[in-house]
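> Residue numbers for the sequence shown follow full-length UniProt numbering, so the first one is 1 and each next one is one higher.
C-beta atoms are modelled at their ideal positions from N, C-alpha and C, and glycine is treated no differently.
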Amino acid sequence: MRIRGAVLDHHDRPRPFASSRPIGVYDLELDEPGPTEVLVRIEAAGVCHSDLSVVDGNRVRPLPMLLGHEAAGIVAAVGDEVDDLAVGDRVVMSFLPRCERCAACARGGQLPCTEGTRANTAGELLHHPGRLSRDGERVRHHLGVSGFATHAVIDQASVVPVGRDVPPEVAALLGCAVLTGGGAVLNVADPAPEDDLMVVGLGGVGMAALLTAAAIGVRRLVAVDRLPAKLTAARELGATETYTPEQLAAQGIQARYVIECAGHPAAFETAFLATAAGGTTVTVGLPAPSATVTLSPLTLTAQARTVVGSYLGSAVPARDIPRYEQMWRAGRLPVEKLISARIGLDDLNEAMDQLADGAAVRQVIVFDPPTEAR
Ligand SMILES: [Zn+2]
Ligand SMILES: [Zn+2]
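1. Kindly list the residues whose CB is nearer than 7 Å to the CB of R332, restricted to its own chain and excluding five residues on each side of it in sequence; keep chain order.
2. Return helix, strand or coil for G116, following the three-state DSSP convention.
3. What span of residues does the alpha helix (DSSP H) with P161 cover, start to end?
4. So what does DSSP say about S290, is it helix, strand or coil?
5. Identify, in the order they occur along the chain, each residue of the same chain with its Cβ nearer than 6 Å to the Cβ of residue 376, setting aside the five sequence neighbours on each side.
6. What's the gap between the Cα of P191 and the Cα of V139?
7. Classify T244 as helix, strand or coil using the three-state DSSP reduction.
8. Taking just the CA atoms, how far does L298 sit from G57?
9. Which of the three DSSP states, helix, strand or coil, is assigned to A302?
10. My assumption, with CB atoms under 8 Å, is that V222 sits in contact with D196. Please give the rounded CB distance.
11. With distance defined between alpha-carbon atoms, name the residue in R134, D135, G136 and H141 nearest to H127.
12. Give the C-beta separation of A71 and A172 to the nearest angstrom, bearing in mind that I take them to be a contact with Cβ-Cβ under 8 Å.
13. Buried or exposed, going by whether 16 or more other CB atoms sit within 10 Å of the CB of M198?
14. Does V205 pass the burial test, meaning 16 or more other C-beta atoms within 10 Å, or should it be called exposed?
15. Which residue or residues does DSSP assign as beta-bridge partners of Y26?
16. State yes or no: is the beta carbon of W328 nearer than 9 Å to at least one beta carbon in chain D?
17. Measuring only the C-alpha atoms, how far is R59 from L52?
18. Please work out which residues of its chain come closer than 6 Å, Cβ to Cβ, to G34, disregarding the five sequence neighbours upstream and downstream, and give them in chain order.
19. Could you tell me which residues DSSP puts in a beta bridge with Q363?
20. Just the C-alpha distance for R374 and H69, rounded to the nearest angstrom, thanks.
21. Can you name the start and end residues of the alpha helix (DSSP H) that D320 belongs to?
22. Taking only three categories from DSSP, how would you classify A373?
23. Distance check for R362 and L211, CA to CA, integer angstroms please.
24. Rounded to whole angstroms, what is the Cα-Cα separation between L202 and V185?
25. Please report the straight-line C-alpha distance between A239 and G182, rounded to a whole angstrom.
Right, here's the structure in full:
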């Protein structure tokens with residue numbers, strides 16, 4: 001079928017992307033779903049730092065690629081071997097498919113699936129090289145999702161159904177920002193209400209970590225970011241104290257659990273320094289592959305400190321998304337508060353600039369429903 005989608009053709013274009021325009025919107029060909037795949041009509045897709053990392057070249061991926069890995073929509077067709085999804089279901093797309101056969105999958109969410117990671121790196125679907133093309137030229141999938149389009153074909157392992165009462169923008173954010181930030185809190189730190197928790201880096205993932213920590217009743221909740229506007233927003237999401245990194249260092253503020261969500265070595269160092277003796281630094285950010293930091297091994301030993309890395313919040317999407325759905329439905333996890341702008345497919349270059357400037361929490365592309373569904 002013919003679809004409309006946003007394709008990245010260049011990862012070496014200079015800022016501002018609004019002028020250099022590495023992303024273009026095209027008519028594309030999308031093949032029918034295979035036996036284990038589903039066709040989804042996309043309703044909403046969030047713009048995430050992991051998209052920007054491909055645009056700015058920090059994550060080198062094969063191009064051209066149809067970006068977008070945080071999305072939700074309605075199932076429009078299912079393959080022959082798909083039996084637990086039906087046409088009309090609302091689904092959250094999840095960017096790390098799990099084969100449930102490899103050694104990594106056997107360890108729960110602690111390790112990313114080996115086969116899913118291979119497919120993601122190659123720009124393929126879990127069980128197929130790809131269903132997208134532009135004038136006969138192959139277009140790669142982004143993280144098994146490619147949500148910046150009117151429709152997607154995606155493996156059944158990359159979707160999780162949610163109730164029709166969950167708005168599409170909320171459903172989209174469950175798939176990356178909430179799964180990652182929420183998972184860092186629930187799956188990794190797992191604080192008690194009397195523990196204190198700090199979040200360093202307040203993008204969509206960091207803000208989702210704050211929301212989740214507030215939802216489970218963590219009483220002292222510290223938020224850290226370079227931008228004062230982010231600190232103001234964090235207060236509205238439940239932060240009880242807010243600091244710039246400079247204020248944090250000058251005042252020696254620490255917490256038992258510190259979650260780094262910025263994906264920058266300076267943010268990791270800030271998070272490590274702000275972790276109390278006996279505490280845990282959790283890092284979920286994705287810095288450039290060449291980035292390094294200097295740590296004191298003596299601090300680790302003498303202060304009985306833990307540093308733990310977590311990909312996608314150590315999530316098992318099929319287990320965790322229903323949990324966040326329930327928290328949202330109970331009014332404890334107001335995910336809609338993370339949305340800072342609603343945009344169209346044609347606005348993506350400008351959206352990447354906003355993200356690179358740190359000015360946005362979550363910009364969400366909202367697609368018009370087809371006329372027959374209105
Ligand atoms: Zn993401
Ligand atoms: Zn696996």
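Considering the structure as presented:
1. A215
2. Annotated three-state conformation of G116 is helix, per DSSP.
3. First-last for P161: V159 to V162, but that is the beta strand (DSSP E), not the alpha helix (DSSP H).
4. coil
5. The displayed coordinates of the chain run from 1 to 374. Any statement about residue 376 would go beyond what the structure contains.
6. Distance between the alpha carbons of P191 and V139 is about 43 Å.
7. coil
8. Cα to Cα, G57 sits roughly 36 Å from L298.
9. helix
10. 7 Å
11. The residue with the shortest Cα to Cα distance from H127 is H141.
12. 5 Å
13. buried
14. buried
15. G5
16. No chain D appears in the structure shown, which is made up of a single protein chain.
17. 9 Å
18. G79 and H128
19. V47 and A341
20. Residue placement at R374 cannot be trusted, given a pLDDT of 44 that sits under 50; what the coordinates show is reported in the next sentence. Going by the C-alpha atoms only, they are around 26 Å apart.
21. P317 to R329
22. Low local confidence applies: a pLDDT of 48 at A373 is under 50, so the model's placement there is unreliable, with the coordinate-based value given in what follows. In the structure shown, A373 sits in a helix (DSSP, three-state: H, G or I).
23. 14 Å
24. 14 Å
25. Straight-line measurement puts the Cα of G182 at about 15 Å from the Cα of A239.
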